[in-house]
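Peer 1: Please find one structure pasted underneath; my questions will follow.
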Amino acid sequence: MIALLMRDIRLATRAGGGFGLGLAFFLIVVVLVPFGVGPQTDLLARIAVGILWIGALLACLLSLDRIFALDFEDGSLDLLATAPVPMEAVAVIKALAHWLTTGLPLVLAAPLLGVLLSLPADGYLPVVISLLLGTPALSMIGAFGAALTVGLRRGGLLLSLLVLPLYVPTLIFGAEMARRGIDGLDTTTPMLMLAGITCGTIALLPFAAAAVLRVNLR
Amino acid sequence: MLRADDLSVARGGLRVLDGVSFTLTSGEALILRGPNGAGKTTLLRTLAGLQPPLAGRIESEPDALVYAGHADGIKSMLTVRENLSFWAQVFGTSDISAALDAYELTALADRPAGMLSAGQKRRLGLSRLLVTGRPVWILDEPTVSLDTHAVSMFARVVRDHLAEGGAALMATHIDLGLNEARVLDVAPFRAKTPGIDEFDEAFL
Numbered sequence: 041m042i043a044l045l046m047r048d049i050r051l052a053t054r055a056g057g058g059f060g061l062g063l064a065f066f067l068i069v070v071v072l073v074p075f076g077v078g079p080q081t082d083l084l085a086r087i088a089v090g091i092l093w094i095g096a097l098l099a100c101l102l103s104l105d106r107i108f109a110l111d112f113e114d115g116s117l118d119l120l121a122t123a124p125v126p127m128e129a130v131a132v133i134k135a136l137a138h139w140l141t142t143g144l145p146l147v148l149a150a151p152l153l154g155v156l157l158s159l160p161a162d163g164y165l166p167v168v169i170s171l172l173l174g175t176p177a178l179s180m181i182g183a184f185g186a187a188l189t190v191g192l193r194r195g196g197l198l199l200s201l202l203v204l205p206l207y208v209p210t211l212i213f214g215a216e217m218a219r220r221g222i223d224g225l226d227t228t229t230p231m232l233m234l235a236g237i238t239c240g241t242i243a244l245l246p247f248a249a250a251a252v253l254r255v256n257l258r
Numbered sequence: 513m514l515r516a517d518d519l520s521v522a523r524g525g526l527r528v529l530d531g532v533s534f535t536l537t538s539g540e541a542l543i544l545r546g547p548n549g550a551g552k553t554t555l556l557r558t559l560a561g562l563q564p565p566l567a568g569r570i571e572s573e574p575d576a577l578v579y580a581g582h583a584d585g586i587k588s589m590l591t592v593r594e595n596l597s598f599w600a601q602v603f604g605t606s607d608i609s610a611a612l613d614a615y616e617l618t619a620l621a622d623r624p625a626g627m628l629s630a631g632q633k634r635r636l637g638l639s640r641l642l643v644t645g646r647p648v649w650i651l652d653e654p655t656v657s658l659d660t661h662a663v664s665m666f667a668r669v670v671r672d673h674l675a676e677g678g679a680a681l682m683a684t685h686i687d688l689g690l691n692e693a694r695v696l697d698v699a700p701f702r703a704k705t706p707g708i709d710e711f712d713e714a715f716l
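Residue numbers (the working numbering), protein chains in the order written: chain A, 41 to 258; chain B, 513 to 716.
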């Protein structure tokens, strides 16, 4: 399992691996929004949290179809399915590798990009914590969506349509938590909800992803 | 080591083969033959556990099988050595030098797999079987894109594997020079599906 994780990270960071794709997209969105909104720092500060969260979410979405599709195309998925590794573990590891190469860089980049959006000083910590708690759920839900659409050619559209509604709760509670943090309100409730969603997806979706993978490999 | 009993397999929901029975014992090779679309690949995938059989039973020792399909599962951005050691780690072994030697890949070990020719990639795919340490090999068209020298290399590896008490089940059209191998023609087992005589139509 560690071998699989190391291989996926290595593949993602080598040329053509798509490591920078999500990060570059996130950067572009966040850099362009101030130009689009105009020089109104009040307005920017108010929408900063939403922009950061939506940017992170879409950046995650961008690289989802790579999770299983590449392994399916070159036959590795067949071989992994017959290897002494449970499919559930493969799903978890794949999601973890996706998070480490896409989600974690976004979390780390968010405070830097918050400066561009004139994010209030109180907001940095809540934004980073909410992203840290929320992005693992995005990767796990995405891995499930990728498993569902793995056999399909050009399944990207279907994947986005399937996954986006499932992302909504994470987005709502993540952005809410960061917003409350900025306003100096109590963040406990949205934080617990966000952490609960993440824990729930990590606990349940590997089984669902493994089940649909087995069906898709037939 | 592997026993199929009255096995029926389906592809895309259509019954392809009916009543296939055979036994594969230690040190034995069984070659599947049959026209394209006869269901050789489906049978092998079913035996490997990638899909459930429609009817019948498959008996094998636990953790005995290893499957190699049409695609080699090679990552072009990783080197030959990295590709092979990944599979070795997945199967819980560590020594890959014997496998590299057997297919004359040692000189290519540090080259990215994407730079290899089709035949070299195939050899890398086949060398994976050696690092798994599993006794029963299930091979689907193992000799595709191999030249005559590589085919004899492959035949030698299979013979060594059999001599060590392994077994191999393969679908191939090429004469490997494995004279001791039994041949199983799947054509007589072809399922009589009423109404559809060209079953390829179901996938178009």
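Each residue gets a CB set at the ideal place from its N, CA and C atoms; glycine is no exception.
To which residues of the same chain is Val695 (chain B) closer than 7 Å at the C-beta, ignoring the five residues directly before and after it?
Peer 2: Walking along the second sequence from the start, residue 695 (chain B) turns up at place 183. Cβ within range, chain order: Ile543, Arg545.
Peer 1: Please name the residue in A:Leu159, A:Leu140, A:Glu128, A:Leu51 whose C-alpha comes closest to that of Leu83 (chain A).
Peer 2: As a working note, residue 83 (chain A) is residue 43 in the first sequence. Here the closest residue by C-alpha is A:Leu159.
Peer 1: Any chance the CB of Ile543 (chain B) is under 8 Å from a heavy atom of the ligand FAD?
Peer 2: In the structure on display, the ligand FAD does not appear, and there are no ligands present to speak of.
Peer 1: Scan the region 595-629 of chain B and note each continuous alpha helix (DSSP H) run of 4 residues or more that stays entirely inside, going in chain order.
Peer 2: Qualifying alpha helix (DSSP H) stretches, in chain order: 609-614.
Peer 1: Counting beta carbon pairs with one atom in the region 556-572 of chain B and one in the region 590-603 of chain B, are three or more of them shorter than 8 Å?
Peer 2: The region 590-603 of chain B is not in contact with the region 556-572 of chain B.
Peer 1: Please work out which residues of its chain come closer than 7 Å, Cβ to Cβ, to Ser606 (chain B), disregarding the five sequence neighbours upstream and downstream, and give them in chain order.
Peer 2: Residue mapping note: residue 606 (chain B) aligns to position 94 of the second sequence, counting from 1. Counting only Cβ-Cβ distances below 7 Å, and skipping sequence neighbours, we find Ala600.
Peer 1: For the beta strand (DSSP E) that contains Asp530 (chain B), what are its first and last residues?
Peer 2: Within the second sequence, residue 530 (chain B) is the residue found at index 18, counting from 1. First-last of the beta strand (DSSP E) with Asp530 (chain B): 526-536.
Peer 1: Near Pro647 (chain B), which residues of its chain fall below 6 Å by C-beta distance, leaving aside the five closest residues on each side in sequence?
Peer 2: Numbered from 1 along the second sequence, position 135 holds the residue referred to as residue 647 (chain B). Answer for Pro647 (chain B): Ala576, Gly678, listed in chain order.
Peer 1: Could you please tell me which residues of the region 117-146 of chain A, in chain order, have their CB closer than 7 Å to any CB of chain B?
Peer 2: Taking 7 Å as the Cβ-Cβ cut-off against chain B, the residues of the region 117-146 of chain A that qualify are Asp118, Leu119, Ala121, Thr122, Ala123, Pro124, Val125.
Peer 1: Relative to chain A, which residues along the region 545-572 of chain B have a C-beta separation below 9 Å, given in chain order?
Peer 2: Those would be Arg557, Ala560, Gly561, Leu562, Gln563, Pro564, in chain order.
Peer 1: Assuming the contact rule is C-beta atoms closer than 8 Å, Gly95 (chain A) and Phe66 (chain A) should be a hit. Round their C-beta distance to whole Å, please.
Peer 2: Taking the first sequence and counting its residues from 1, the one referred to as residue 95 (chain A) is at position 55. Taking the first sequence and counting its residues from 1, the one referred to as residue 66 (chain A) is at position 26. About 5 Å; that satisfies the 8 Å criterion.
Peer 1: So, under 8 Å CB-CB, Val70 (chain A) and Leu92 (chain A) are touching, yes? Tell me the CB distance rounded to an integer number of Å.
Peer 2: In the first sequence, counting from the first residue as 1, residue 70 (chain A) sits at position 30. In the first sequence, counting from the first residue as 1, residue 92 (chain A) sits at position 52. Val70 (chain A) to Leu92 (chain A), Cβ: 7 Å. Contact.
Peer 1: Please go through the same chain and pick out, in chain order, the residues whose beta-carbon is closer than 6 Å to the beta-carbon of Ile686 (chain B), but skip the five residues on each side of it.
Peer 2: Within the second sequence, the letter at position 174 stands for residue 686 (chain B). Closer than 6 Å at the Cβ level, and outside the excluded window around Ile686 (chain B), lie Thr655.
Peer 1: Taking 9 Å as the threshold (C-beta atoms), are Ala614 (chain B) and Val669 (chain B) in contact?
Peer 2: To locate residue 669 (chain B), count along the second sequence from 1; it is residue 157. To locate residue 614 (chain B), count along the second sequence from 1; it is residue 102. In this structure, Ala614 (chain B) lies closer than 9 Å to Val669 (chain B) by Cβ.
Peer 1: Can you tell which of B:Gly551, B:Arg671, B:Ser538, B:Asp517 has its C-alpha closest to the C-alpha of Glu525 (chain B)?
Peer 2: Translated into positions along the second sequence, residue 525 (chain B) becomes position 13. Before going on, a small fix: residue 525 (chain B) reads as Gly here, not Glu. When each option's Cα is compared against that of Gly525 (chain B), the closest is B:Gly551.
Peer 1: So, under 8 Å CB-CB, Ala137 (chain A) and Leu45 (chain A) are touching, yes? Tell me the CB distance rounded to an integer number of Å.
Peer 2: Looking up residue 137 (chain A) in the first sequence gives position 97. Looking up residue 45 (chain A) in the first sequence gives position 5. Contact holds; Cβ gap of about 6 Å.
Peer 1: Could you name the residues of the region 106-117 of chain A whose beta carbon sits closer than 7 Å to any beta carbon of chain B, in the order they occur along the chain?
Peer 2: The residues in question are Asp114, Gly115, Ser116.
Peer 1: Less than 9 Å between CB atoms is the rule here; does Ile42 (chain A) satisfy it with respect to chain B?
Peer 2: Here residue 42 (chain A) refers to the residue found at position 2 when the first sequence is read from its first residue. Taking Cβ atoms only, chain B reaches closer than 9 Å to Ile42 (chain A), which makes this a yes.
Peer 1: Could you tell me which of B:Pro547, B:Ser572, B:Arg523 sits nearest to Ser538 (chain B), measuring between CA atoms?
Peer 2: Sequence index remark: in the second sequence, residue 538 (chain B) carries index 26 (1-based). Of B:Pro547, B:Ser572, B:Arg523, the residue nearest in Cα terms is B:Ser572.
Peer 1: What residue from A:Ile181, A:Gly195, A:Glu216, A:Met217 has the CA that sits closest to Pro205 (chain A)'s CA?
Peer 2: Stepping through the first sequence from its first residue, residue 205 (chain A) is reached at position 165. Nearest option by C-alpha distance: A:Ile181.
Peer 1: Leaving out five residues before and five after Gly195 (chain A) in sequence, what residues of the same chain have Cβ atoms less than 7 Å from its Cβ?
Peer 2: Your numbering for residue 195 (chain A) matches position 155 in the first sequence. Once the five neighbours on either side are set aside, the close Cβ partners of Gly195 (chain A) are Asp105, Thr189.
Peer 1: At a cut of 8 Å, does the region 161-181 of chain A reach the region 214-223 of chain A through at least three beta carbon pairs?
Peer 2: Touching, yes.
Peer 1: Please report the straight-line C-alpha distance between Gly637 (chain B) and Leu562 (chain B), rounded to a whole angstrom.
Peer 2: Counting from 1 along the second sequence, the entry for residue 637 (chain B) is found at position 125. Counting from 1 along the second sequence, the entry for residue 562 (chain B) is found at position 50. Going from the Cα of Gly637 (chain B) to the Cα of Leu562 (chain B) covers about 19 Å.
Peer 1: Does the structure place the region 50-60 of chain A close enough to the region 131-148 of chain A that three or more beta carbon pairs sit under 8 Å?
Peer 2: The answer is yes - the region 50-60 of chain A touches the region 131-148 of chain A, with three or more Cβ pairs under 8 Å.
Peer 1: Looking only at C-alpha atoms, which of B:Ser664, B:His582, B:Ala699, B:Leu658 sits nearest to Asn691 (chain B)?
Peer 2: For the purposes of this step, residue 691 (chain B) is identified with residue 179 of the second sequence, where counting begins at 1. The candidate whose alpha carbon is nearest that of Asn691 (chain B) is B:Ser664.
Peer 1: Listed from N- to C-terminal order along the chain, which residues in the region 579-590 of chain B have their beta-carbon within a distance smaller than 9 Å of any beta-carbon of chain A?
Peer 2: Flagged, chain order: Tyr579, Ala580, Gly581, His582, Ala583, Asp584, Gly585, Ile586, Lys587, Ser588, Met589, Leu590.
Peer 1: Sorted by chain position, which residues of the same chain lie with C-beta nearer than 8 Å to Leu157 (chain A)'s C-beta, five sequence neighbours on each side aside?
Peer 2: By 1-based counting over the first sequence, the position of residue 157 (chain A) is 117. The residues are Val70, Val73, Pro74, Leu84, Ala85, Ile87, Ala88, Ile91, Leu92.
Peer 1: Taking Gln601 (chain B) as the query, report the chain A residues whose CB atoms sit under 7 Å from its CB, ordered along the chain.
Peer 2: Position 89 of the second sequence holds residue 601 (chain B). Result: Ala43.
Peer 1: Along the beta strand (DSSP E) that carries Arg694 (chain B), what are the first and last residues, could you check?
Peer 2: In the second sequence, the residue the question calls residue 694 (chain B) occupies position 182. Counting along the chain, the beta strand (DSSP E) containing Arg694 (chain B) begins and ends at 694-697.
Peer 1: Say whether chain B places a C-beta atom closer than 9 Å to the C-beta of Arg47 (chain A).
Peer 2: As a position in the first sequence, residue 47 (chain A) is number 7, starting the count at 1. Answer yes: the Cβ-Cβ gap between Arg47 (chain A) and chain B drops below 9 Å somewhere.
Peer 1: Could you pull out every residue in the same chain whose Cβ sits closer than 6 Å to the Cβ of Ala249 (chain A), ignoring the five residues on either side in sequence?
Peer 2: Within the first sequence, the letter at position 209 stands for residue 249 (chain A). Correct list, in chain order: Ala131, Ala183, Phe184, Ala187.
Peer 1: From the DSSP output, in three-state form, read off Gly546 (chain B) for me.
Peer 2: The residue you call residue 546 (chain B) lines up with position 34 of the second sequence. Gly546 (chain B) falls in the coil class under three-state DSSP.
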